[in-house]
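One point on numbering: in the numbering used here, the residue at position 4 of the sequence shown is 77, and numbering is uninterrupted. In this text, a Cβ means the ideal position worked out from N, Cα and C, and glycines have one as well. These numbers come from a predicted model, not from an experiment.
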Amino acid sequence: MKTVSIITPSFNNADTIEDCIKSIYQQSYTEIEHIIVDNCSSDNTLQIVKQFSFPNRKIISEKDKGLYDAINKGIDQASGEIIGILHADDFFVHNKVVENIVSLFHSDFQGVYANLYYVDRNNTQKIVRKWKAGKYSPESFLFGWMPPHPTCYVTKKVYKQNGLYRLDMGTAADYEWILRNMYKYRVPFEYLNEYIVAMRVGGLSNQSLKSRILANINDRKAWEVNQLKPKWYTLYLKPLRKIGQFV
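Given below as structure tokens:
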């Protein structure tokens with residue numbers, strides 16, 4: 074069986090991290106390595122983490138340079154053949170998520186992505202938006218497409234060959250990483266057509282109009298740093314695609 078390393082970056086997530094942890098530890102798939110990278114939380118995040126025992130867990134507690142620096146630290150420590158990320162505010166929607174992800178990894182594919190729910194922060198049973206990724210071709214990126222980053226799992230080889238997350242991209246670091254791998258380097262991804270992750274509303278790139286404008290600037294930068302050229306309409310279509318998530 075392939076080992077799956079799941080990285081959870083955290084910072085003062087005492088109110089949500091228990092749901093995240095339980096959803097990992099209740100998975101039917103047993104070969105999971107859980108790596109928690111905590112930015113010296115000042116609440117009781119770490120105390121909650123330590124209440125749960127898990128046979129293959131690593132806890133890193135030290136100052137970092139932000140979310141993507143924490144993720145990079147986790148990737149560096151990962152021993153699994155497959156690596157994914159589950160943020161401390163997020164959780165798996167059922168106990169066969171990892172099993173279903175692993176089933177799609179074979180010689181033809183080095184990555185998997187799926188669908189995502191946005192849920193109310195205080196009532197996680199209430200679905201606010203549905204991000205159904207759909208199948209893609211590399212050219213889909215020209216029309217503003219991208220998969221939900223928290224559903225993306227790749228082989229460790231992908232990180233070794235194509236690099237980690239850039240720390241100069243702001244909230245577009247996930248978009249840049251996806252664009253680099255799926256569009257520039259044509260890493261083959263398989264689509265798992267099911268909802269696997271629930272994300273509480275209020276993500277870093279979706280908090281205000283100001284942050285949306287900044288995210289759009291960083292999205293453009295993601296193309297530039299990879300020496301890629303989008304269509305004139307690409308970055309207008311990207312945020313517009315979210316409208317369909319409310320239907």
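CA-to-CA, the gap between Ala245 and Asn291 works out to about 6 Å. DSSP places Thr307 inside the alpha helix (DSSP H), whose first and last residues are 307-313.
Segment contact: the stretch 253-264 against the stretch 225-241, three or more CB-CB distances shorter than 8 Å; contact assigned. Where Leu189 is concerned, the enclosing beta strand (DSSP E) starts and stops at 184-192.
CA-to-CA, the gap between Arg314 and Tyr226 works out to about 22 Å. The three-state reading of DSSP puts Met219 in coil, since its state is none of H, G, I, E or B. Residue state for Gly157 is assigned as strand, using DSSP reduced to three classes. Counting other Cβ atoms within 10 Å of its Cβ, Asp247 reaches 16 or more and is therefore classed as buried.
If you look at Ser83, you'll find it in the beta strand (DSSP E) that goes 77-83. 9 Å or more divides the Cβ of Leu159 from the Cβ of Thr228.
Residue pairing by DSSP places Ala245 in no beta bridge whatsoever. The beta carbon of Gly275 sits closer than 7 Å to those of Arg194, all from its chain and outside the five residues before and after it, given in chain order. The residues Ser134, Glu135, Lys136, in chain order, have a CB closer than 7 Å to that of Cys113 in the same chain once the five nearest residues on each side in sequence are set aside.
If you draw a straight line from the Cα of Leu215 to the Cα of Thr224, it comes to about 21 Å.
Taking the Cα of Pro220 as reference, the smallest distance to any Cα among Gly243, Ala187, Asn196 is reached at Ala187.
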